[in-house]
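Numbering (the UniProt record's numbering), first residue to last: 1 to 225.
What follows is a single structure, written as structure tokens, with notes after it.
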Amino acid sequence: MQLGFQVRMNPGLFLRDPDSSEVGKQIIKRSIDLIAEMGYEKFTFKKLANEIPSTEATVYRYFENKHKLLIYLMDLYWGFIEFQVLFQINNLSDPESKIKKIVDLLVWEDNAEQTFLDLDQKALYHIAVAESSKTYLSKDVDEHNKEMFYKPYKDLCSLIASIFEEYNADYSYSRTLASSVIELSHCQFYFMNHLPNLCDFSKRKDPKEVEAFLENLIFSSLKSA
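In structure tokens:
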């Protein structure tokens, strides 16, 4: 199913808006494919240019470096997840159902039929799982934070925290729980597939088991206050 979606990207992330030209759109599309395939460490603008095809210099006209490109991709992803959360919980009245829907959206593996902006959503999800923490685990994090590069991520955390507060207004750690659940949805999915001794889901490799764990964690925490 194709969903209508548009996010306003932080202009500090790019030198030229990639959405303003066909080459720019190819930079975004092919970078998702390549980073998902080979990983962020092995990804280079030279390899990206060969895929478009274009020149390395052309890629640098759009992005200063691959770290800002990664933040751009993750901001796109977080913006889409926030859009999906708002869209999916709009007709839900009770916070418990909203929380379960949020968990389902965070563990995106079984939602691969949903697409947006003609991009490979499943590949972007796997980038989020494996690489998203690298956007802020950086020496530049404070400067980037001042430039509001992480706003889409923080907006999503705030939205999820507000749903937790709907469930239990007396719970004191809603933002902490929200950011923890997002990160756990990634690392436990990653452990399930690559480091099985660090989780309890490796036998069947079923994303629904990760969702069940997250729901248990959330409701146990919210009910404890």
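Note that CB positions come from ideal geometry on N, CA and C, so glycine has one too.
Would you kindly check if the distance between the Cβ of F45 and the Cβ of E37 is under 8 Å? Contact: no.
Taking the alpha helix (DSSP H) that L222 belongs to, which residues open and close that run? Following the DSSP letters along the chain, one finds L222 inside the alpha helix (DSSP H) bounded by residues 207–224.
According to DSSP, is E26 part of a helix, a strand, or is it coil? The residue asked about is misnamed: residue 26 is Gln in this sequence, not Glu. Helix.
C-alpha distance - D33 paired with I81, whole-angstrom precision: Counting only the Cα atoms, I81 lies some 19 Å from D33.
How is M1 classed by DSSP in three states: helix, strand or coil? A caution first: M1 carries a pLDDT of 44, below 50, which makes its placement in the model unreliable, though a value can still be read off. Here M1 carries a coil assignment [DSSP, helix/strand/coil].
Would you please state the rounded distance, in angstroms, between the beta carbons of K151 and N65? I believe it to be under 8 Å. Under the criterion of beta carbons closer than 8 Å, K151 and N65 do not qualify as touching, at roughly 20 Å.
Is L177 closer than 8 Å to S220 when the C-beta atoms are compared? Cβ distance not < 8 Å, so S220 and L177 don't count as in contact.
Roughly how many angstroms separate the alpha carbons of residue 250 and Y190, rounded to a whole number? In the structure as shown, the chain begins at 1 and stops at 225. Residue 250 is therefore absent and cannot be evaluated.
Of the choices P53, S224, L214, whose alpha-carbon is the least far from that of D170? For D170, the nearest C-alpha among the options comes from S224.
With a threshold of 8 Å on Cβ separation, who are the neighbours of P53 within its own chain once the five nearest residues in sequence on each side are excluded? Closer than 8 Å at the Cβ level, and outside the excluded window around P53, lies no residue.
With a threshold of 16 other CB atoms inside 10 Å of the CB of I218, please say whether the residue is buried or exposed. By the neighbour-count rule (16 or more Cβ atoms within 10 Å), I218 is buried.
P53, DSSP secondary structure in three states: Reduced to three states, the DSSP call for P53 is coil.
Suppose the cutoff is 8 Å on Cβ atoms and the five residues either side in sequence are ignored; what does the same chain contact list for K29 look like? Cβ-Cβ distances below 8 Å link K29 to D118, L119, D120 in the same chain, with the five nearest sequence neighbours on each side left out; the list follows chain order.
Specify the secondary structure class of F87 as computed by DSSP and reduced to three states. In the three-state reduction of the DSSP assignment, F87 falls in the helix class, which pools H, G and I.
Apart from the five residues just before and just after K68, which ones in its own chain have a Cβ nearer than 6 Å to its Cβ? Its chain contains L13 as the residues whose beta carbon lies nearer than 6 Å to that of K68, once the 5 sequence neighbours on both sides are disregarded; these appear in chain order.
What's the C-alpha gap between residue 233 and Y125? This structure leaves residue 233 out entirely; the chain is present only between 1 and 225.
Length-filtered (4 minimum) alpha helix (DSSP H) runs lying within the segment 133–172: Uninterrupted alpha helix (DSSP H) stretches at least 4 residues long and entirely within the segment 133–172 occur at 141–146, 151–167, given in chain order.
Simplified DSSP state of G39, which is helix, strand or coil: The DSSP-derived three-state label of G39 is coil.
Can you list, in chain order, the residues of its chain with a C-beta nearer than 7 Å to that of Y167? Leave out the 5 residues immediately preceding and following it. Annotation for Y167: P95, E96, I99, L222 place their beta carbon closer than 7 Å to its own, counting only its chain and skipping 5 residues before and after.
From this set, L184, C157, A130, which residue's C-alpha is nearest S216's C-alpha? Residue identity differs from the one stated: residue 216 is Asn in this sequence, not Ser. For N216, the nearest C-alpha among the options comes from L184.
Only counting the same chain, and skipping five residues up and downstream in sequence, which positions put a Cβ closer than 6 Å to that of E147? Contacts found: G12.
I'd like the list of long-range same chain contacts for E209, defined as Cβ closer than 6 Å, with 5 residues on each side in sequence excluded. These residues qualify, in order along the chain: F201.
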